[in-house]
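Q: Numbering (this note's numbering), first residue to last: 10 to 139. We put the beta carbon where it would ideally sit given N, CA and C, even for glycine. What you are looking at is a predicted structure, and each value in this text was computed from that prediction instead of being measured. Have a look at the structure that comes next, please.
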């Protein structure tokens, strides 16, 4: 069984120095978000935040709030990136099932990555901090 451990902290709880080079998942609410987040994403967090700020088609309004999910793994950056993609995909699936799809997400996440991991056996996701 493969295990993915992820700990979520609010933006307010995270010092920016912890984000340098950090790969994980994130949930962004902006000033227009009410019952659903604006965006759920994954990747190298600081570079992804910068890319979102410049991205055409998705506009973030006002200040941002949200959560960062830190993947707790010592398996190296490639495997950690895979884990982040799986967590993002599962968060988007939960959002779909609960009618909370973020307005900024155009794709359902890396469904193929989840499938590849599941072909090798069960995957357990341990979530803390929400």
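Residues in the same chain with beta-carbon distance under 6 Å from residue 73, minus the five sequence neighbours each way, listed in chain order, please.
A: Locating residue 73 in the chain shown gives position 64, counting from the first residue. For residue 73, where only same-chain residues beyond five positions count, the Cβ hits under 6 Å are 37 and 39.
Q: Does the region 123-139 touch the region 42-57, meaning 3 or more C-beta pairs lie closer than 8 Å?
A: In this structure the region 42-57 does not lie against the region 123-139, because fewer than three pairs of beta carbons, one per stretch, are closer than 8 Å.
Q: If you draw a straight line from the C-alpha of residue 118 to the C-alpha of residue 93, how long is it?
A: One-based indexing of the chain shown puts residue 118 at position 109. One-based indexing of the chain shown puts residue 93 at position 84. The straight-line gap separating the alpha-carbon atoms of residue 118 and residue 93 is approximately 10 Å.
Q: Specify, as a first and last residue, the run of the beta strand (DSSP E) that residue 13 falls within.
A: Counting from one through the chain shown, the residue named residue 13 turns up at place 4. Taken as a continuous stretch (DSSP letters only), the beta strand (DSSP E) holding residue 13 covers 11-19.
Q: What separation, rounded to the nearest whole angstrom, lies between the Cα atoms of residue 112 and residue 76?
A: The residue labelled residue 112 in the question sits at position 103 within the chain shown. The residue labelled residue 76 in the question sits at position 67 within the chain shown. Spanning the two alpha carbons is a distance of roughly 17 Å.
Q: For residue 34, which residues of its own chain have a beta-carbon under 6 Å away from its beta-carbon, when the five flanking residues on both sides are left out?
A: Along the chain shown, read from residue 1 onward, the residue named residue 34 stands at position 25. Here the set comprises 51, 78, 93, 96 and 97.
Q: Put residue 74 into one of helix, strand or coil per three-state DSSP.
A: In the chain shown, counting from the first residue as 1, residue 74 sits at position 65. Note: residue 74 maps to strand in three-state DSSP.
Q: Determine the direct distance from the alpha carbon of residue 130 to that of residue 28, and round the result to whole angstroms.
A: Start at 1 with the first residue of the chain shown, and residue 28 comes out as number 19. Start at 1 with the first residue of the chain shown, and residue 130 comes out as number 121. Roughly 31 Å between the two C-alpha positions.
Q: Is residue 104 buried or exposed, if buried means 16 or more other CB atoms sit within 10 Å of its CB?
A: Residue mapping note: residue 104 aligns to position 95 of the chain shown, counting from 1. Answer is buried; the Cβ neighbour count reaches 16.
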